[in-house]
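Under the working numbering, think of the first position of the sequence shown as 17, with each following residue one higher. Glycine is no exception: its CB is placed at the ideal position from the N, C-alpha and C atoms.
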Amino acid sequence: LLELYHNSIVHSACIDFLTNAIVGDGVDYDTMSLNDENELVPNYLETWDEVLFKLAKDLVLFGGYALQVIKNRNDKTYSFFHVPFSTIRYGKKDENNEIKKAYLCKDWSNYVANRPIEIDVLNYSDDINIGLGKPYLLVYNNYNIFDEYYPAPHYVSALDAIRADIE
């Protein structure tokens, strides 16, 4: 999907348009009543506008998105980091048909040199006590009738046309 995005001008324009349509003008910070300006930052590197843009692009491009969730040292707040959806592979489903583990790798085509990292997946049915500093993966997937693990982008029926455009 990344290769199609990078090689088709029409496809990338459509993905970018939908991403911008989802994000719009970004977060309306003016209407929020905040005690502290730092109350509304997802992590120490980015703003929510930046994180939401990445999540929207992953949603449009892949049909899903992921956030790494880490409980902060104060034991009250959390940090949220975007995880590129293309870097995620799921572990096997358990007896309750839930995925408890995922693996992150920056380059799955060379996973020997780029060793995957195992990470626990947050499931909505779990009553998880999130430990300080331990990363968890929060994943959203569009429903896919053909694959029980991975989502399908909404444009899946147009993949042949996109490939033809590239040719």
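Beta carbon of residue i nearer than 7 Å to that of residue j
| i | j | result |
| --- | --- | --- |
| F101 | L83 | no |
| K122 | G107 | no |
| L17 | V76 | no |
| D65 | V43 | yes |
| D74 | Y81 | yes |
| Y159 | L138 | no |
| V39 | L68 | yes |
| L120 | I135 | yes |
Alpha carbon of residue i to alpha carbon of residue j, nearest angstrom
| i | j | result |
| --- | --- | --- |
| H22 | N88 | 36 Å |
| M48 | E62 | 19 Å |
| Y156 | K150 | 20 Å |
| Y94 | I86 | 6 Å |
| Y165 | A37 | 27 Å |
| I178 | F78 | 15 Å |
| I25 | Y171 | 15 Å |
| I115 | N130 | 23 Å |
| I104 | E19 | 17 Å |
| H27 | P167 | 19 Å |
| S125 | I133 | 15 Å |
| Y45 | Y60 | 18 Å |
| D41 | P58 | 18 Å |
| L175 | I182 | 11 Å |
| F162 | S173 | 13 Å |
First through last residue of the beta strand (DSSP E) which encompasses residue i
| i | result |
| --- | --- |
| R105 | 104 to 106 |
| V137 | 133 to 137 |
Secondary structure of residue i, DSSP reduced to three states
| i | result |
| --- | --- |
| K70 | helix |
| F96 | strand |
| I115 | strand |
| N126 | helix |
| V155 | strand |
| V85 | strand |
| L17 | coil |
| L56 | helix |
| L61 | coil |
Range covered by the alpha helix (DSSP H) that runs through residue i
| i | result |
| --- | --- |
| A37 | 25 to 39 |
| L175 | 175 to 182 |
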